[in-house]
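Asker: In UniProt numbering, the protein residues as written are 1 to 178. We treat Cβ as the ideally placed atom computed from N, Cα and C, and that holds for glycine.
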């Protein structure tokens, strides 16, 4: 489904541990790392799509997470020109997304990237809250920035201000291996 402006409705998932670290996953057969995300079917609400995508991409069930909040309205990004399929009946020029912040309540053994016949990810790690802003593909950076800034107060309420400091453009972002 693509809206009249060429944007595909989508959900983004920020999965956070109690300490403020975020789930960061590597795309299958690619170098890129990102948060779980996926399209909203015509018969789904954004919340329903989020739970479906969460299961498909991470193996997690609703009992493994707590929804802390979501961005209001749509956050949009455009695809780079080489990724636009101009021969499709409905040309998709980008994604419009609702982003959800989830508190991880499960165990690491609950994370399963191989539950579908075509997994999205082949590896994952926990990273500092602001780490993705410097490491996501450039065309998604603005939407990640807006989503993480909006969700930061909700994350701080769980992990504390020391775990989710105010971002500084030149601060090194640490990576925590699982």
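Which residues bound the beta strand (DSSP E) around residue 11?
Answerer: 7 to 16
Asker: In chain order, what residues of the same chain have a beta carbon less than 7 Å from the beta carbon of residue 135, not counting five sequence neighbours either side?
Answerer: 33
Asker: Relative to the C-alpha of residue 97, which candidate in 15, 49, 123 has its C-alpha closest?
Answerer: Residue 49 is the option with its Cα nearest to residue 97.
Asker: Mapping the DSSP letters down to three states, classify residue 150 as helix, strand or coil.
Answerer: The DSSP-derived three-state label of residue 150 is helix.
Asker: Suppose you measure from the CA of residue 145 to the CA of residue 117; what does that come to, to the nearest Å?
Answerer: 32 Å
Asker: Excluding sequence positions up to five away, which residues of its chain have a Cβ less than 7 Å from the Cβ of residue 137?
Answerer: 32
Asker: Evaluate residue 58 with the Cβ neighbour count: other Cβ atoms within 10 Å of its Cβ, from every protein chain shown; 16 or more gives buried, anything less gives exposed.
Answerer: Flag for residue 58 reads buried.
Asker: Can you list, in chain order, the stretches of the beta strand (DSSP E) that have 3 or more residues and sit fully within the UniProt domain "Nudix hydrolase" (6 to 149)?
Answerer: Every beta strand (DSSP E) of 3 residues or more that sits fully in the UniProt domain "Nudix hydrolase" (6 to 149) is shown, in chain order, as 7 to 16, 22 to 27, 37 to 39, 65 to 70, 75 to 78, 94 to 104, 121 to 127.
Asker: Applying the criterion that 16 or more other CB atoms from any shown protein chain within 10 Å of the CB defines a buried residue, is residue 53 buried or exposed?
Answerer: buried
Asker: Out of 9, 101, 79, 112, state which residue places its alpha-carbon closest to the alpha-carbon of residue 154.
Answerer: Closest option to residue 154, Cα to Cα, is 101.
Asker: Three-state secondary structure (DSSP) at residue 158?
Answerer: Helix, per DSSP.
Asker: Taking Cβ positions, are residue 105 and residue 66 nearer each other than 7 Å?
Answerer: A distance below 7 Å separates the beta carbons of residue 105 and residue 66.
Asker: Go ahead and label residue 3 buried or exposed: buried means 16 or more other beta carbons lie within 10 angstroms of its beta carbon, across all protein chains shown.
Answerer: exposed
Asker: What do you get for residue 73, buried or exposed, if any count of 16 or more other CB atoms within 10 angstroms of its CB means buried?
Answerer: exposed
Asker: Residue 71: which of 47, 130, 93, 61 sits nearest, CA to CA?
Answerer: For residue 71, the nearest C-alpha among the options comes from 47.
Asker: Just to confirm, is the Cβ distance from residue 20 to residue 159 under 7 Å?
Answerer: yes
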